[in-house]
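One structure below.
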Amino acid sequence: MPRQIDTAFAGGGNRDVTIFGPLQPSAGGYGPAVFQGSNGRFLAGLAWRIQAPIGSRWAAIVVRRSLLSASTAPDGIAVGTWVAARAWMLLKLGEIDGAKALTDAMPIDHYSPALYRVSAQVSLAAADVAGLCPIAATGQLLSKDAMWKLAVGMCAAIQGDDITSAGMFDTLRGNSGTVDPFDVRLGERIATLAGGAGRASTINWNEAPPITLYRYGVATAAGVAVPADRLGPLGPARFGWLVRNPGVDAQVRLSMLRQAAVIGTVSAAELVSGVAALSTEDAEADTRAGRLRTAFAGGSMDDRRVALRAIWASGVGAEAVGETSADDARYGALIESATAAARLPISSASSADSGNIIAALLSAGDTGAARRWWPIADRADSKVRATAWSLLATGAGGVPVSAGDFRDWRSASSADAHHAGLMLAALAGLGLATGSEWSGLKGELLPEGANSWTRTIDAAAAAGRLGEVTMLAATGLQGPWSDVPPLHLYHIVSALVRTGRGAEARLIAAEAMTRA
């Protein structure tokens with residue numbers, strides 16, 4: 062699933078990097094001042110330390126847009142070092158196209174030592190060995206990592222210097238204490254494909270050491286399939302890398318599409334098109350592709366509703382291959398159904414499904430379509446109505462919101478204290494839970510508290526530092542939603558509203574209701 066970021070965003074030795082990044086405001090970027098006023102070293106520290114995946118799909122999308130925005134560097138940091146931090150965080154988020162767009166476009170004369178390291182990792186995650194060649198010689202001088210020597214050998218062959226390539230691999234083969242022989246064999250496969258040494262060894266994964274980014278990237282570039290059960294140690298970011306790489310087996314990519322959507326690197330529309338393109342199963346039968354086809358264009362409205370229910374059911378009770386939790390599986394199924402749900406006529410015949418339909422629409426960011434379902438959901442049974450109300454109150458508006466409505470929702474939904482706390486935090490952050498009628502609820506579910514993180518994100522919001530807010534939001538949403546303190550959600554939603562990103566704040570809040 063190759064994706065275009067910005068074909069006009071290209072590097073060059075004398076290119077002006079004052080404003081740097083591929084995402085323009087017209088395409089969803091946050092503008093050149095997104096990091097203005099922030100401390101560059103502080104932000105880079107956040108980027109290096111954040112552990113992915115972020116628990117929220119929409120928070121990941123928001124921070125990705127910040128990091129990709131065509132923007133000036135924050136104060137106190139060299140542009141090359143700042144680009145390295147941006148690319149590294151994008152790589153951890155699974156955003157391989159964006160990370161590669163940043164590193165490829167940065168002129169070499171602006172590279173920092175950190176950017177050499179990150180650029181190599183990005184090229185390997187993208188299975189782009191040729192991307193190592195402009196930086197391999199300098200990288201070898203900056204680091205003792207054996208990967209650079211292997212890169213020099215591979216790139217010599219790619220550039221037609223068979224003698225240098227063969228000599229480098231001979232040296233590395235004789236130095237097995239420093240370089241694993243398996244890595245040498247992989248490098249020689251690249252040299253052979255490039256017309257180099259012509260003596261590549263057979264790759265036997267049964268004898269292979271544990272997977273590394275080098276082993277994944279070079280093997281994939283050489284056309285050597287990495288067994289799916291070996292990929293796990295690459296971490297959750299691999300979902301975003303793998304689905305974008307046409308060199309990866311189609312069935313492996315298909316199995317990881319939902320998880321890539323959950324971590325925010327694949328849109329709902331891309332998810333559907335990916336299932337259609339990668340499936341080998343009969344689209345007329347009761348298969349994943351067949352259910353999607355029926356949900357879009359079934360012979361009757363009943364057929365379409367049944368297909369949507371089957372898609373949702375596929376995310377409940379069993380975790381699909383490549384998915385890491387029951388929550389991810391369920392949310393991924395909602396995202397997969399979103400574009401078909403958007404085409405379903407609004408009808409009272411669908412009232413029992415209206416809660417899931419609204420959840421699916423909001424998972425894809427379709428707030429307008431979600432709001433239009435409220436008249437149907439409002440007349441549904443109490444549990445469906447409660448689900449729909451919580452999603453629309455937080456995610457799209459168009460419903461009454463009062464403390465009484467909140468209590469009715471809590472009673473009908475049987476929400477536990479954590480879920481209710483997240484709901485109240487979202488409403489408070491959106492400015493919808495004000496006045497004395499909410500005081501008792503806040504005292505019970507959202508007690509006041511402050512720490513260095515809450516003070517920092519509040520200060521960033523007060524100063525209008527949107528990029529800093531998005532990165533701090535990411536730090537506050539690491540791990541599953543079950544571990545997210547309601548107070549974190551309150552400060553994140555409030556900070557995004559204050560910095561002009563109310564729509565994104567709502568989608569994060571609705572996601573909390575869907576996944577809590």
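In the working numbering, the protein residues as written are 62 to 577. Note that beta-carbon positions come from the ideal geometry of N, C-alpha and C, so glycine has one too. Predicted model only: the values in this text are computed from it and were never measured.
Original post:
Mapping DSSP to helix, strand and coil, what is E572?
Top reply: helix
**OP:** Can you tell me the Cβ-Cβ gap for L152 and A298, rounded? I've got them flagged as a contact below 8 Å.
**Re:** Between L152 and A298 the beta-carbon gap is near 6 Å, inside 8 Å, which marks them as a contact.
Original post:
Which residue comes first and which comes last in the alpha helix (DSSP H) that contains W542?
Top reply: Here W542 belongs to no alpha helix (DSSP H), and DSSP marks it neither H nor E.
**OP:** Taking only the alpha-carbon atoms, compute the straight-line gap between A358 and P406 and give it to the nearest angstrom.
**Re:** The alpha-carbon atoms of A358 and P406 are separated by roughly 12 Å.
Subject >> Chain-order list of residues whose beta-carbon lies under 6 Å from that of T531 (same chain, five-residue window excluded) >> reply: V123, V124, S127
Original post:
Helix, strand or coil: which one does DSSP assign to A379?
Top reply: In this prediction, A379 scores a pLDDT of 48, lower than 50, which makes its location untrustworthy; no coordinate-derived value is stated.
**OP:** Tell whether a beta-carbon distance below 8 Å holds between A186 and I157.
**Re:** It is a contact, given that the beta carbons lie within the stated cut-off.
**OP:** Keeping to the same chain, check which residues put their C-beta closer than 6 Å to that of P547; ignore five residues upstream and five downstream.
**Re:** G482, L483, A486, L507
**OP:** Just tell me which of Q97, W514, C216, T448 has its CA closest to the CA of G525.
**Re:** Q97
**OP:** Please list, in chain order, all residues of the same chain as A212 whose beta carbon is under 6 Å from its beta carbon, the five residues on each side excluded.
**Re:** L193, A197
**OP:** Establish whether the CB of D136 and some CB of chain B are separated by less than 8 Å.
**Re:** No chain B appears in this structure, which consists of one protein chain only.
**OP:** Quick one: give me the first and last residue of the alpha helix (DSSP H) that C216 is part of.
**Re:** 207–219
Original post:
Comparing alpha-carbon positions, which option in Q85, I418, R147 lies nearest T575?
Top reply: I418
**OP:** Determine the burial state of V304: buried for a count of at least 16 other Cβ atoms within 10 Å of its Cβ, exposed for fewer.
**Re:** Its Cβ being crowded by 16 or more others within 10 Å, V304 is buried.
**OP:** Using only alpha-carbon positions, find the residue among I272, G301, G296 that is nearest to V287.
**Re:** I272
Subject >> Same chain, Cβ closer than 8 Å to D347, neighbours up to 5 away in sequence not counted >> reply: A371
Original post:
Name the DSSP beta bridge partners of N100, please?
Top reply: D136
**OP:** May I ask you to report which of helix, strand or coil DSSP gives L491?
**Re:** coil
Original post:
Which of helix, strand or coil does DSSP assign to L84?
Top reply: strand
Subject >> Collapsed DSSP secondary structure at I115 in the structure displayed >> reply: Shown here, I115 sits in a strand according to DSSP, grouped into three states.
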